[in-house]
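*Asks:*
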Amino acid sequence: PDEGFKPTSGTIERIKFQSTSNVWGYFSVGANGGIHEYADSQFGHLFAKGATREQARKALILALKEIEVRGEIRTTVEYLVELLETKDFIENTIDTAWLDGLIKEKTIKVEMPDHLTVTSAAIFKAFQHVKEQTAAVTESLTKGQVSTSGIPGINSFNTEVAYKDVKYPFHVERLANDIYRLTISGNVIDARVTETAEGALLATFGGETHRIFGMDEPLGLRLVLDGTTILMPSIFDPSELRTDVTGKVVRYLQDNGGEVKAGEPYVEVEAMKMIMPLKASESGKITHNLSPGTVISAGDLLASLELKDPSKVKKIETFEGALDIGGSDLEVDPAEAVGNILAGYTGEPEEAIQK
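All residue numbers for the sequence shown refer to our numbering, where the first residue is 1 and numbers rise by one.
Spelled out as structure tokens, the structure:
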């Protein structure tokens, strides 16, 4: 929805949906996560009933809030929930042009607080770092390599999150196997993190518990926070024009070496039987990197730009100030705190003993 309903493609790892007496559905997904050739751009349908239209609407909203689709694709589930809760839909004053108007005006937005999103992304990245570094050290020891140089980096390291043109550099210390301390610009956040059987994280911080799932993609991190999907693009080189869809190059709209302006379409691609123009993010002289007919995947470089005015390129700022995260210390039993310090985690021995 936030990208004009561009089609996405890829495998589906998991669909969690339970039919009820009032809501049922079917999905065109095979056991291996593939979608059969007749599914087109839709791979699932939900139906709701009730004694009244209002009862059916509420039942459908509850079902949409509980459904979980995990994989490489993006869905419109969160957008549909917001759509069903609009005044026009509730009062049934909609017509065939209603949805087109909402999309054009971008009336419906599914958003989460910026600092909650950034902190959750940092927790996900920190957890993944520990998991990957632990596996690397374990593999090294299994091979008979006795170097321990990688161990300190498991419990103390830096991680960075970029969101809405702001860079957030976090320092992470592990206080226990499941407790992470994130520090940024004088802000300190302690989070207790547990991984569920299906791979999601339950993170308790700021007096609340949040469900976090993330997936690294060619263009950045896709974060699912409490059921809401957020795309967090990597900091990119403005002289590189990359595709965010999978499909095929149809044609470039400027000659090789021609001028293109910021916001102007520079190529047409075919995806899911649709021809879509992709727009340049900056102005400059364009150089084609591919030929018409080339099959492309998200993240592929389509063209390069010789920037017309590099000084006007949007700058990425480093975060300074206070994070808008509620304060609430995690409760840790004193004996557990002492045990964590003895196990090699970061902590204050005197403070733990006095408790």
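Note that CB positions come from ideal geometry on N, CA and C, so glycine has one too.
Would you call the segment 149 to 161 and the segment 205 to 217 in contact, with 3 or more CB pairs under 8 Å?
*Replies:* As far as the Cβ criterion goes, the segment 149 to 161 does not touch the segment 205 to 217, which means the pair count is below three.
*Asks:* Under DSSP, the alpha helix (DSSP H) around Gly101 begins and ends at which residues?
*Replies:* 98 to 105
*Asks:* How long is the line joining the alpha carbons of Glu66 and Leu141, rounded to whole angstroms?
*Replies:* 43 Å
*Asks:* For the beta strand (DSSP E) that Asn187 lies in, which residues bound it at each end?
*Replies:* 187 to 195
*Asks:* If we call anything under 9 Å between Cβ atoms a contact, is Leu83 one with Leu62?
*Replies:* no
*Asks:* Considering only the beta carbon of each residue, do Ile123 and Arg70 sit closer than 9 Å?
*Replies:* Remark: C-beta atoms of Ile123 and Arg70 do not approach each other more closely than 9 Å.
*Asks:* Output the boundary residues of the alpha helix (DSSP H) element that contains Val137.
*Replies:* Per DSSP, Val137 belongs to the alpha helix (DSSP H) from 114 to 142.
*Asks:* Tell me the rounded alpha-carbon separation between Ala59 and Phe89.
*Replies:* Whole-angstrom Cα-Cα distance: 14 Å.
*Asks:* Considering only residues of the same chain and omitting the five flanking positions on each side of Ile325, which have a CB-CB separation below 8 Å?
*Replies:* His115, Leu116, Thr119, Asn187, Ile189, Phe205, Gly206
*Asks:* Pick helix, strand or coil for Lys87, following the three-state DSSP scheme.
*Replies:* helix
*Asks:* Which residue spans inside the segment 257 to 319 form an unbroken beta strand (DSSP E) run of at least 3?
*Replies:* 265 to 271, 274 to 279, 284 to 288, 301 to 307
*Asks:* Looking at the unbroken alpha helix (DSSP H) that takes in Gly153, where does it start and where does it end?
*Replies:* 152 to 155
*Asks:* The beta strand (DSSP E) with Leu241 in it runs from where to where?
*Replies:* 240 to 242
*Asks:* If I'm right that Leu278 touches Thr243 with Cβ under 8 Å, what's the distance once you round it to whole angstroms?
*Replies:* 6 Å
*Asks:* Where does Tyr252 sit, in a helix, a strand or coil, going by DSSP?
*Replies:* strand
*Asks:* Going by Cα to Cα distance, which pick from Arg53, Gly258, Tyr252 is closest to Gly293?
*Replies:* Tyr252
*Asks:* Return the Cβ separation of Leu241 and Leu307 in integer angstroms, given the expectation that the two are a contact with Cβ distance under 8 Å.
*Replies:* About 11 Å; that fails the 8 Å criterion.
*Asks:* Could you tell me if Lys125 is buried or exposed, where buried requires 16 or more neighbouring beta carbons within 10 angstroms of its beta carbon?
*Replies:* So Lys125 ends up on the buried side.
*Asks:* Gly344 to Met112, Cα distance in whole Å?
*Replies:* The straight-line gap from Cα to Cα measures roughly 36 Å.
*Asks:* Alpha carbon to alpha carbon, how far is Gly64 from Val77?
*Replies:* The sequence as given places Leu at residue 64; Gly does not occur at that position. Approximately 6 Å, taken between the alpha carbons.
*Asks:* Could you have a look at Tyr345 and say whether DSSP puts it in helix, strand or coil?
*Replies:* coil
*Asks:* Is Ala322 near the ligand FMN, going by C-beta to nearest heavy atom under 8 Å?
*Replies:* Because no ligand of any kind appears in the structure shown, any question about the ligand FMN cannot be addressed here.
*Asks:* Measuring alpha carbon to alpha carbon, tell me which residue in Leu175, Asp255, Leu323, Met276 is nearest Glu331.
*Replies:* Leu175
*Asks:* In three-state terms, what does DSSP make of Val23?
*Replies:* strand
*Asks:* In whole angstroms, give me the CA-to-CA distance for Gly285 and Ser311.
*Replies:* Inspection of the sequence shows that residue 285 is occupied by Lys rather than by Gly. Lys285 and Ser311: Cα-Cα distance of roughly 16 Å.
*Asks:* If you reduce the DSSP assignment to three classes, tell me which class Gly321 lands in.
*Replies:* Coil.
*Asks:* Tell me whether Arg53 is buried or exposed, calling it buried when 16 or more other Cβ atoms sit within 10 Å of its Cβ.
*Replies:* Arg53 comes out exposed.
*Asks:* Rounded to a whole number of angstroms, what is the C-alpha to C-alpha distance between His171 and Ser185?
*Replies:* 10 Å
*Asks:* Measure the C-alpha to C-alpha separation of Arg192 and Ala203 and round it to an integer number of angstroms.
*Replies:* 6 Å
*Asks:* Could you tell me if Tyr163 is buried or exposed, where buried requires 16 or more neighbouring beta carbons within 10 angstroms of its beta carbon?
*Replies:* buried
*Asks:* Buried or exposed: which applies to Gly247, given that a residue is buried once 16 or more other Cβ atoms fall within 10 Å of its Cβ?
*Replies:* buried
*Asks:* Determine, using beta carbons only, whether Leu219 and Leu201 come nearer to each other than 9 Å.
*Replies:* For Leu219 and Leu201, no; Cβs fall outside 9 Å.
*Asks:* Spatial neighbours of Glu270 within its chain, please: CB distance less than 7 Å, with the 5 preceding and 5 following residues excluded, ordered by chain position.
*Replies:* Gly247, Lys248, Val250
*Asks:* How far does the beta strand (DSSP E) with Ile61 in it reach, from first residue to last?
*Replies:* Careful: Ile61 lies outside any beta strand (DSSP E), inside the alpha helix (DSSP H) at 53 to 66.
*Asks:* For the beta strand (DSSP E) containing Glu198, list its first residue and its last residue.
*Replies:* First-last for Glu198: undefined, no H or E at that position.
*Asks:* Tell me which residue opens and which closes the beta strand (DSSP E) that Arg74 is part of.
*Replies:* In the DSSP assignment, Arg74 falls outside any beta strand (DSSP E), carrying neither H nor E.
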